[in-house]
Amino acid sequence: MMKPKLLWLQSITCNGNAHSFLNHPDLFSILSHFELLYHPVLDTAYSLKDLNEKTLICDILILEGSFKAQGVKKAGVEVLDVVEYYAKEAKHIITAGTCATFGGIFKAHDPQNISGFCYDEEEQTSRYKKYSSKLISLPGCPIHPKWLSYVLLMLANNKKIPLDIMHRPQELYNITVHTGCSRNEYFEWKVDTKGFGLKEGCLFYEQGCQGPYTRGSCNKILWNDVSSKTIVGTPCFGCTEPTFPKTALFSTKTNMGIPAYMPLGIPRRAYLTATGIAKSFKIKRFEERIIKYEN
Amino acid sequence: MKIKQLIEKIEGEAELDFTFEKGKVEDVQINFGFYRGIEEILVGKDPRDALVITPRVCGICNHAHLLAAVRALENGYENAGIKINITHKANDIREFTLACELIQNHIKWFYMTIVPELEKLLKENNSENHALKASYLSSTITKALAIFAGQWPHSSYAVPGGVTCDPTYVDVIQAQSLVDEAIRFFEQMIVGMSFERYLAQDSLNSLHKIGGDFGRVLQLMGINEMSQMGYSYDRFIVFGTCMFSKPGKSMATTVSNVDVRYVEENTQSMSMAKAVSYKQKLYEVGPLARAMVAKEPLIKSLHKRYKDSLMTRVFARVHEVALLLDYSKKLLNNLNLNESSCTLEGYPALKEFEGVGVVEAARGSLIHKTTVKEGKISNYEIIVPTQWNLSNGNSQEKGIASKAMIGSTTTQEAEFIFKAFDVCSVCTTQ
Numbered sequence: 435m436m437k438p439k440l441l442w443l444q445s446i447t448c449n450g451n452a453h454s455f456l457n458h459p460d461l462f463s464i465l466s467h468f469e470l471l472y473h474p475v476l477d478t479a480y481s482l483k484d485l486n487e488k489t490l491i492c493d494i495l496i497l498e499g500s501f502k503a504q505g506v507k508k509a510g511v512e513v514l515d516v517v518e519y520y521a522k523e524a525k526h527i528i529t530a531g532t533c534a535t536f537g538g539i540f541k542a543h544d545p546q547n548i549s550g551f552c553y554d555e556e557e558q559t560s561r562y563k564k565y566s567s568k569l570i571s572l573p574g575c576p577i578h579p580k581w582l583s584y585v586l587l588m589l590a591n592n593k594k595i596p597l598d599i600m601h602r603p604q605e606l607y608n609i610t611v612h613t614g615c616s617r618n619e620y621f622e623w624k625v626d627t628k629g630f631g632l633k634e635g636c637l638f639y640e641q642g643c644q645g646p647y648t649r650g651s652c653n654k655i656l657w658n659d660v661s662s663k664t665i666v667g668t669p670c671f672g673c674t675e676p677t678f679p680k681t682a683l684f685s686t687k688t689n690m691g692i693p694a695y696m697p698l699g700i701p702r703r704a705y706l707t708a709t710g711i712a713k714s715f716k717i718k719r720f721e722e723r724i725i726k727y728e729n
Numbered sequence: 046m047k048i049k050q051l052i053e054k055i056e057g058e059a060e061l062d063f064t065f066e067k068g069k070v071e072d073v074q075i076n077f078g079f080y081r082g083i084e085e086i087l088v089g090k091d092p093r094d095a096l097v098i099t100p101r102v103c104g105i106c107n108h109a110h111l112l113a114a115v116r117a118l119e120n121g122y123e124n125a126g127i128k129i130n131i132t133h134k135a136n137d138i139r140e141f142t143l144a145c146e147l148i149q150n151h152i153k154w155f156y157m158t159i160v161p162e163l164e165k166l167l168k169e170n171n172s173e174n175h176a177l178k179a180s181y182l183s184s185t186i187t188k189a190l191a192i193f194a195g196q197w198p199h200s201s202y203a204v205p206g207g208v209t210c211d212p213t214y215v216d217v218i219q220a221q222s223l224v225d226e227a228i229r230f231f232e233q234m235i236v237g238m239s240f241e242r243y244l245a246q247d248s249l250n251s252l253h254k255i256g257g258d259f260g261r262v263l264q265l266m267g268i269n270e271m272s273q274m275g276y277s278y279d280r281f282i283v284f285g286t287c288m289f290s291k292p293g294k295s296m297a298t299t300v301s302n303v304d305v306r307y308v309e310e311n312t313q314s315m316s317m318a319k320a321v322s323y324k325q326k327l328y329e330v331g332p333l334a335r336a337m338v339a340k341e342p343l344i345k346s347l348h349k350r351y352k353d354s355l356m357t358r359v360f361a362r363v364h365e366v367a368l369l370l371d372y373s374k375k376l377l378n379n380l381n382l383n384e385s386s387c388t389l390e391g392y393p394a395l396k397e398f399e400g401v402g403v404v405e406a407a408r409g410s411l412i413h414k415t416t417v418k419e420g421k422i423s424n425y426e427i428i429v430p431t432q433w434n435l436s437n438g439n440s441q442e443k444g445i446a447s448k449a450m451i452g453s454t455t456t457q458e459a460e461f462i463f464k465a466f467d468v469c470s471v472c473t474t475q
């Protein structure tokens, strides 16, 4: 049986998605299902110059980085021109990372002209119509290696991936980063952390954590198999969202003392009612350190 | 004769424009393509946003950018009169995670650039999957990093006053096991001898005993006289105060002090990368520079015989892996979890400050400068290590890597010398 041909192309990027994928503990067993035509870091049979010849065809196209119609050249050829050639022939297009999906961090340098491949933040780009039938969005800055391997292996096995309205796999993005967070009890009882560097307390009220309204499975499928931002006390910055990056990322935006953004799908009135009740109790356990080390 | 060569898979691409004269490289211009404007993106943002934005300069050395950014903020707060006292614990955790990133980087460079490129250059074919070794060790060590930093790449766990994590000994023990696994790999695959025996070497007389993949590389380089090519100016500079290294510059046999205020950036025609110099002179940065300034015995011994040759440069980077592993182990052994992780409470309401942060990143000294006005970033400067090594020089001198390539008889040989500097295109043109 012929292996599906896999092609990884980059535009305006930091290489973070390529390196994140290299962290996958089963990297080479995953890649063994494919014929890898080109990858920005791994050794491959073809070079950028070969790709620019436009004589190859790929089955699965992985895109990394944000796009600009003109002025981003590799080996003397406009990247977008080459990418569109392969996109037309590919059976599946995976936009790997927030840059390729929505525009991401690099969009800010030239917001009028830089965008994702099929989305410009939440808006569809002119390319959307052409490619939406084969588009799979994998936002995240960077992508999680296991999110990508899940998609690749589903495609290799001809399985259908349930997608949401923005073409994100539901199994990865229909939960929030808050799901599985080790600080959940503190969120339930509205106990704020007393500052950075503590395992106790929730980061949603002061420290800017966007976990409750950010789509992603960071706390279900852990990073590097061991941890996540919120587990180590860093707020979620909403890096999978079309709006990434917002500003003042280490502080919570509030209106009259209430977080300006509600947990995903929760009406403000419901949130305020639940908060009012939770806050009316003082739970001793949540005021104490979890572990007391002796000096 | 002019030859243009596109160099790929160096965290992006670069173009080398060679001028050959009588069969040898007489001159070479190094050009980097695309500029992403990270410094400009930061203008107008909250000062702490740099902790999230700047790691995105680079997928392979993002953690060094985070630490440079946090040090720039801390330095700025101190300049504005706020005392920052970081605990030993927070400092050691930062040092540990940075060491992990350097190990990850050097190992990828060794197995995914040096070994396969050397085989290609010398037509020494080998069917082994070197990238498999690279990904095994790099994913093992980034896992240890992520225990404290949450994830790699693109963590933002270092904040003014310390770190956001509050690890338990369950975490520390797990990280120790991962470091031990990395050491085991180093012993069995890289040098083919025990870690203790490797570290005990202090002169080049024992180098022939090194086995494993490093031994094979040394042998191939030795036979092919790579200890007599790739010379640059034999001038080194280090600005970071961390790790086993200290700041200073090394010229001939003397090491002297440096001050980051004398670092100067200049734009270059034809390339999106800016050149950097220190008091108008060019210096090499990176593992060889760190070893020379710190007077690391084994590297000094190698340098005495082979100067700043290709061989010495390659050796210094692999050798640094051993030093980093040893250092990481010590850092974890001495962690006292009873100390606080972050000593700065709240967020100082400072409207104006200026700060500089310096870090010894994988490729050398990384400098961040932040200027804050009216509570927002008004200017941000990032000077990356590859700007030192890969610039096209100034009116008096050719660049460090260009100089090293001069005299090469083929573009392939020159390309290998170039890649031995551990090129990173995305950093060079932020």
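Keeping their order, the protein sequence lines are chains C and F.
For the first sequence, the positions run 435 to 729 when the working numbering is used.
For the second sequence, the positions run 46 to 475 when the working numbering is used.
Glycine is no exception: its CB is placed at the ideal position from the N, C-alpha and C atoms.
Only a predicted model underlies this, so the values are computations on that prediction, with no experimental measurement involved.
Exercise for review: Say whether chain F places a C-beta atom closer than 8 Å to the C-beta of C:N457.
Suggested key: yes
Point to revise | Length of the line joining the Cα atoms of F:Y425 and C:S549 | key: 24 Å
Review point. To which residues of the same chain is F:G452 closer than 8 Å at the C-beta, ignoring the five residues directly before and after it?
Key: K69, V70 and M274
Review point. Which class does F:Q196 belong to by DSSP, given the choice of helix, strand or coil?
Key: coil
Practice item. With a 10 Å radius around its C-beta and 16 neighbouring C-beta atoms as the bar for buried, classify F:H133 as buried or exposed. Key: exposed
**Study point:** Cβ contact check for the segment 664-675 of chain C and the segment 624-639 of chain C: 3 or more pairs under 8 Å
**Key:** yes
Practice item. Determine which residues of the segment 453-479 of chain C have a Cβ less than 8 Å from any Cβ of chain F, and write them out in chain order. Key: H453, S454, L456, N457, H458, P459, L461, F462, P474, V475, L476 and D477
Review point. Quick one: is F:W197 near chain C, going by C-beta distance under 8 Å?
Key: yes
**Study point:** Every unbroken alpha helix (DSSP H) inside the segment 492-567 of chain C [4 residues or more]
**Key:** 513-523, 532-536, 538-541 and 562-565
Practice item. With DSSP as the reference, label F:L395 as helix, strand or coil. Key: coil
Review point. Would you call the CB atoms of C:I724 and C:L587 closer than 8 Å?
Key: no
Check your understanding: Smallest Cα separation from F:Y328: which of F:D304, F:I105, F:Y278 and F:E309?
Key -> F:Y278
Check your understanding: Can you list, in chain order, the residues of the segment 90-121 of chain F whose Cβ is nearer than 7 Å to any Cβ on chain B?
Key -> Any reference to chain B falls outside this structure, whose protein chains are C and F.
Exercise for review: Verify the CB distance criterion: does F:E56 have a CB-CB separation below 8 Å to chain C?
Suggested key: yes
Review point. What number of angstroms, rounded off, separates the C-alpha of C:K525 from the C-alpha of C:C492?
Key: 8 Å
Check your understanding: Per DSSP, F:P430 forms a beta bridge with which residues?
Key -> Partner(s): none; F:P430 has no beta bridge.
Practice item. Measure from the C-beta of F:Y202 to each C-beta in chain C and report whether the shortest distance is under 8 Å. Key: yes
Practice item. Compute the Euclidean distance between the alpha carbons of F:Q149 and C:T709, then round it to the nearest angstrom. Key: 44 Å
**Study point:** Nearest-angstrom Cβ-Cβ length linking F:K153 and C:V660, presumed shorter than 8 Å
**Key:** That pair is no contact at about 20 Å.
Check your understanding: Taking the continuous beta strand (DSSP E) assigned at F:F63, which residues delimit it?
Key -> A59 to E66
**Study point:** Closest residue to F:S290 among F:A318, F:Y351, F:P332 and F:Q246 (Cα-Cα distance)
**Key:** F:P332
Exercise for review: Name, please, each residue of chain C whose Cβ falls closer than 7 Å to the Cβ of F:S385.
Suggested key: G631
Check your understanding: Which residue spans inside the segment 587-667 of chain C form an unbroken alpha helix (DSSP H) run of at least 4?
Key -> 604-607 and 618-622
Review point. What residue from F:Y276, F:E123, F:P342 and F:A367 has the CA that sits closest to F:F240's CA?
Key: F:A367
**Study point:** Spatial distance of C:Y705 from F:N136 (CA atoms)
**Key:** 39 Å
**Study point:** C:G672 (DSSP reduced to helix, strand or coil)
**Key:** coil
Check your understanding: Which term fits F:L177, buried or exposed, when burial requires 16 or more other beta carbons within 10 angstroms of its beta carbon?
Key -> exposed
Review point. If C:G631 and F:T473 are in contact, beta carbons under 8 Å, what's the gap, nearest whole angstrom?
Key: Incorrect: roughly 34 Å between the Cβ atoms, too far for contact.
Practice item. Assign F:Q441 to buried or exposed, taking buried as 16 or more other Cβ atoms, counted over all protein chains shown, within 10 Å of its Cβ. Key: exposed
Check your understanding: Among C:V513, C:G510 and C:F501, which has the Cα closest to the Cα of C:T532?
Key -> C:F501
Practice item. For F:G207, count neighbouring Cβ atoms within 10 angstroms of its own Cβ and tell me buried if that reaches 16, exposed if not. Key: buried
Check your understanding: Does F:I192 get closer than 8 Å to chain C when you measure Cβ to Cβ?
Key -> yes
Review point. What is the DSSP secondary structure of F:C490, counted as helix, strand or coil?
Key: Lying outside 46 to 475, the shown extent of chain F, residue 490 of chain F is not represented and no answer is given.
Exercise for review: Would you tell me roughly how many angstroms separate the C-alpha atoms of F:Q264 and F:A336, rounded to the nearest one?
Suggested key: 22 Å
Point to revise | 8 Å Cβ cutoff, F:D211 in contact with chain C | key: yes
Exercise for review: Rounded to whole angstroms, what's the CA-CA distance from C:L461 to F:S180? Just pull it up for me.
Suggested key: 8 Å
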